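Worksheet for the structure shown next.
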Amino acid sequence: MDFKFFMLEALKLAKQAKSLGEVPVGAVIVRDGEIIAKAYNTREIDKNALMHAELKAIDIACKKLGGWRLHECDVYVTLEPCPMCAGAIINARVRRVFYGAKDAKAGAFGSVVNLNSYPLNHKPEVTGGVCEKEAKELLSGFFKELRENN
Numbered sequence: 005m006d007f008k009f010f011m012l013e014a015l016k017l018a019k020q021a022k023s024l025g026e027v028p029v030g031a032v033i034v035r036d037g038e039i040i041a042k043a044y045n046t047r048e049i050d051k052n053a054l055m056h057a058e059l060k061a062i063d064i065a066c067k068k069l070g071g072w073r074l075h076e077c078d079v080y081v082t083l084e085p086c087p088m089c090a091g092a093i094i095n096a097r098v099r100r101v102f103y104g105a106k107d108a109k110a111g112a113f114g115s116v117v118n119l120n121s122y123p124l125n126h127k128p129e130v131t132g133g134v135c136e137k138e139a140k141e142l143l144s145g146f147f148k149e150l151r152e153n154n
């Protein structure tokens, strides 16, 4: 299985979030070619700013693996992680991050800031633009509908 397969799984999760009125972001965590955790944004449903797809997936993966170090894991997320999520990815020692669309307003792996450019204790390998077109269309469609309905 390749990285596109896992990003398509993250996009399916993002579509689930959108169907619930959430910003359509999905994340999967993969270890040894197997999805061990998956999640999507639930900030609105849970009324909690921490309920980003990446944080939820990291929590699930840590519980499943029985520890906080995810150094053998890769994260696939449809939108470039924000500073909070990028920090969690770094602190969890995630090996690689693959993301779809850049986030010009809050992206923390290059768009607004790049947490990998700081002398932190861990630097995941980051690859952006995976299924970028699909991710951007999903996000822009969501926000367009939101503006039209308000």
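Heads up, the sequence shown is in the working numbering, so the first residue is 5 and it goes up one at a time. Backbone N, C-alpha and C define an ideal beta-carbon position, used for all residues, glycine too. This one's a predicted model, so the numbers in the text were calculated from it and none came from an experiment.
Take PRO87, set aside five residues on each side of it, and the residues of its chain with a beta-carbon closer than 6 Å to its own are ALA112, in chain order. Bounds of the alpha helix (DSSP H) holding ARG151 are 136-153.
With respect to LEU119, ALA90 sits close: the two C-beta atoms are nearer than 7 Å. Apart from sequence neighbours up to five positions away, the residues of its chain that approach ASP107 with a beta-carbon distance below 6 Å are LEU83, GLU84 and SER115, ordered along the chain. Spanning the alpha carbons of ASP6 and LYS51 requires a straight line of approximately 35 Å. Exposure of ILE49 is indicated by the presence of fewer than 16 other C-beta atoms within 10 angstroms of its C-beta. Secondary structure at ASN45: coil, using DSSP grouped into helix, strand and coil. If you ignore the 5 residues before and after ALA65, its C-beta comes within less than 7 Å of the C-beta of ILE33, ILE40, ALA41, LEU74 and CYS77, all in its own chain and listed in chain order.
Counting the other Cβ atoms within 10 Å of the Cβ of PHE10 gives 16 or more, which makes it buried.
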